[in-house]
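Worksheet for the structure shown next.
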Amino acid sequence: MLANQASYPAVPSPVIWRLWLIQSLLLLLLAPAFNFWSLAIFALLLLAKLPQLLLSRPAWSLKLSNLLALTIVSALLLFARDLGVLHLMIHLLLLAAILRLLGFRQNDHADVQQLLWVQYFLFACCFILHQALGMALLVFMLLLLQLQSHYLAFAAPGSTFPYKSALKTSLIFVPLWLGLFLLFPRIAPLWALPGAKQAMTGLGDELNPGSIERLVESDELAFRVEFQSRLPQPDELYWRARIYDTFDGNSWRRRYNNDLADFSKIKHNSNLSFSYKIIVEPHQQRHLYSLGVPLKVNYPQRIDTDALLSSPSVLSQRASFQVQSVLTPVPDFPGAKNNTNLQLPPGNPKSRALAAQLAAEHKTPEQLVLAIGRYLREGGFRYSLNPPALSGDQIDMFLWQSKSGFCSHYAQTTTFLLRAAGVPARIVGGYLGGEWRDNQSYLEVTQRAAHAWVEYLHQGAWHKFDPTLQVAPERLFASLEDLLSAADLLRLEGNWLGRAGFAKQLLQQLEDLDYYWSRWVLGFDNEQQQSLLGSVKNRLLELAALDWWYYIKIILLLLTATLLSRLLWLRLTTAPPVISVWLVQELSPWLAKTPEQTVLQYLAALGHHSTLQQQSAVVAAHYQQLVFAGDIKAEKPLRAEVRQLKKLLKQQRR
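Take 1398 as the starting number for the sequence shown in our numbering and just add one per residue.
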């Protein structure tokens, strides 16, 4: 080890600065995994390195580093029990990297080796924690800086990074990376590590007037959908996520329903069936999204008796799943406790009286629903994101005083009236609509599309009714920004770049790239891998079943024909040598021709030299007849006489 260390120069100071910068950027990238107090401690530790870099202070001793590590790890185990496996591992790895940097000895390359390898593990954690395409590119750029620092730490003084060689090596490894991506088994613990108990986003377990309003103020992405069948119409895009059926006078809460159900055998019209793939953003909850009644969903997602989709674990990473749904009323399972959907707390006497009056005038649930819708349309109600606060008897106050509200107000009021009239009813929380992207290749649904509507029980099924459309029917076809007043629009958050005309197209292209990154890279799960391998296997079996000897014979025949054609072409296109050049080449072994000699002079000299004047004269006569008289017939006897002359010359030489 000492010999190996002695062969390397001291680590240059610029490399130490780079390693410190890399750790600072890693802390920023991994910030979502940290609590406020742990983030502050790690930031202070990084700042403690600056005196060493700027003022040449000595490195921390091993004793001090171990004592600090023991203290921080103990605090993590005692006060951060909800970190989760992945986030706890990130804390420990980053702590090890920072303490190694604080105790860094410039002449000890064992220190830099340990530091670099710990940071490589932190880069892997970054790729797990951030799955958006933009963040992945940022992490990759930082990884390139790490690789350059790794090289410079062990290179000779004055060395520069060999960019061309590194690029060539990278290109060699690209097929290997691609092969590992396609063939490496998707083992769940490696691809979906559990995270910490972070703040939940999206629809919660409780719904009250104001909860949906707070949610739609954000344009944060909720999920994206790609349809394999026909594209649905706007009034078909009701994404069910939650059921709220317990009312305490102030808030509606969901009933926990863990009973699984199978709707695959229900009769339905194929024109109302949809097949689609959903890519869900992490929201730290278990609920998922679907249209109508989900018939099938790929494992491990589940379908419960309320026809809602859920994940077996908290969704802390992007997830994709395939669904087949049918747009029919949700069947009511036998034995379901529908009395829960009739319960109401005391209060709201005027609303109860209105419900009794409507029930007396309209005998069926369908007629009653239409009557409530007509009451809302004709009662002077307004659609607003900023209605007056409700207190006390909320339903009475809304119906006879404020008459202004958002979807949750109308869903709550309609559900109360139906229950008071003796019709089982419940609130459904989810999303309505979405924005088509990339020429309708996929649908993007943001938190701004959050919505609440009503389901009521009739003839053994739960039927959908959206009371908000009675007040704002254009909600189906227009965006939220088009429906709200100027005062309400001030509450909406938004990407200012997205509102600028020059950047809107660019942002859409980036969103499309991020979608296809999620679709083809992050969404390449075990099911897709098995499907790909199965397709390759079937193709290989098809190729193995072919009559290969027949194809080999055809290939050999084609190769032979190509070769013969090439030879014939060369024969036809290659010009024969000039007759004078040929004649001299044939006879030059017995006498070399000088530059000033003509062919006839050369033949006379050859005859005199070999005492074969007569034979040389015959060759010269045929040559004159061919070249000067233009008699083509003289070529054949000329060649014959040249062969005879060569034969006599050979005999003389013996």
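Built from N, CA and C at the ideal position, the CB exists for glycine as well.
With H, G and I counted as helix, E and B as strand and the rest as coil, what does DSSP make of residue i?
i       : result
LEU1590 : Unreliable positioning characterises LEU1590 in this predicted model, as indicated by a pLDDT of 46, which lies under 50. The coordinate reading is nonetheless provided below. Coil, per DSSP.
GLU1678 : coil
GLY1827 : strand
SER1799 : helix
TRP1966 : helix
ILE1663 : coil
GLN1764 : helix
HIS1484 : helix
HIS2006 : helix
ALA1942 : coil
SER1410 : helix
PHE1813 : helix
ASP1863 : coil
ARG1652 : coil
ASP1701 : strand
HIS1806 : helix
PHE1433 : helix
PHE1537 : helix
ALA1400 : With a pLDDT of only 39 at ALA1400, under 50, the local geometry of the prediction cannot be trusted, and the value read off the model is given with reservation. It is helical.
Classify residue i as buried or exposed, calling it buried when 16 or more other Cβ atoms lie within 10 Å of its own Cβ.
i       : result
TRP1636 : buried
ALA1430 : buried
LEU1474 : exposed
ILE1413 : buried
THR1991 : exposed
GLN1402 : With a pLDDT of only 44 at GLN1402, under the threshold of 50, the placement of this residue in the model should not be trusted; the figure read from the coordinates follows. Exposed, since its Cβ has fewer than 16 Cβ neighbours within 10 Å.
ILE1663 : exposed
LEU1628 : exposed
LYS1460 : exposed
SER1985 : exposed
TRP1514 : exposed
TRP1417 : buried
HIS1680 : buried
PHE1797 : The sequence shown places Trp at residue 1797, rather than the Phe named in the question. Under this definition TRP1797 is an exposed residue.
ASP1911 : buried
Taking just the CA atoms, how far does residue j sit from residue i?
i       : j       : result
GLN1510 : SER1410 : 16 Å
TYR1853 : VAL1766 : 9 Å
PRO1586 : ALA1466 : Any answer about PRO1586 is weak, because its pLDDT of 44 lies below 50 and its placement is not dependable; what the coordinates show is given next. So the alpha carbons of these two residues sit roughly 27 Å apart.
MET1794 : GLY1744 : 11 Å
HIS1860 : LEU1787 : 28 Å
PRO1728 : ASP1659 : 11 Å
ALA2001 : THR1995 : 10 Å
LYS2033 : ALA1989 : 24 Å
LEU1492 : PHE1439 : 7 Å
PHE1803 : PRO1606 : 8 Å
HIS1488 : SER1435 : 8 Å
ASN1666 : THR1725 : 9 Å
ARG1650 : GLU1603 : 5 Å
GLN2048 : LEU2009 : 12 Å
ALA2018 : ARG2050 : 25 Å
SER1351 : ALA1619 : Past the edges of the chain, shown from 1398 to 2051, lies residue 1351, and the structure says nothing about it.
LEU1352 : ILE1824 : Absent from the model: residue 1352. The displayed extent of the chain is 1398 to 2051, so no value can be given.
PHE1558 : PRO1631 : 56 Å
ALA1553 : LEU1485 : 38 Å
ALA1846 : GLN1754 : 35 Å
ILE1525 : PHE1537 : 13 Å
TRP1945 : GLU1939 : 12 Å
PHE1506 : GLN1837 : The amino acid at residue 1506 is misidentified as Phe; the sequence shows His. Cα to Cα, HIS1506 sits roughly 56 Å from GLN1837.
PHE1581 : SER1453 : 47 Å
GLU1610 : PRO1784 : 10 Å
LEU1706 : TYR1948 : 53 Å
GLU1983 : VAL2024 : 17 Å
THR1959 : ARG2036 : 34 Å
HIS1684 : ILE1700 : 10 Å
GLN1856 : GLN1926 : 44 Å
VAL1408 : PHE1501 : 10 Å
With three or more C-beta pairs closer than 8 Å as the rule, is the region 1687 to 1701 touching the region 1714 to 1722? yes
Quick one: any contact between the region 1674 to 1682 and the region 1910 to 1921, if contact means 3 or more CB pairs under 8 Å? yes
TODO: Could you tell me whether the region 1699 to 1719 touches the region 1940 to 1960, using the rule of 3 or more Cβ pairs below 8 Å?
DONE: no
_Ordered list of beta strand (DSSP E) runs contained in the region 1539 to 1626, each at least 3 residues_ = 1618 to 1624
Practice prompt. Taking only runs that begin and end inside the region 1446 to 1520, name each unbroken alpha helix (DSSP H) of 4 or more residues, in chain order.
Written response: 1447 to 1452, 1459 to 1476 and 1482 to 1499
field: the region 1810 to 1826 / the region 1737 to 1754 touching (three or more Cβ pairs under 8 Å)
entry: yes
Entirely within the region 1975 to 2034 and at least 4 residues each: give me those alpha helix (DSSP H) ranges in chain order. 1976 to 1984, 1996 to 2007 and 2010 to 2024
| contact_flag[the region 1773 to 1790, the region 1828 to 1835] where n(CB pairs < 8 Å) is 3 or more | no
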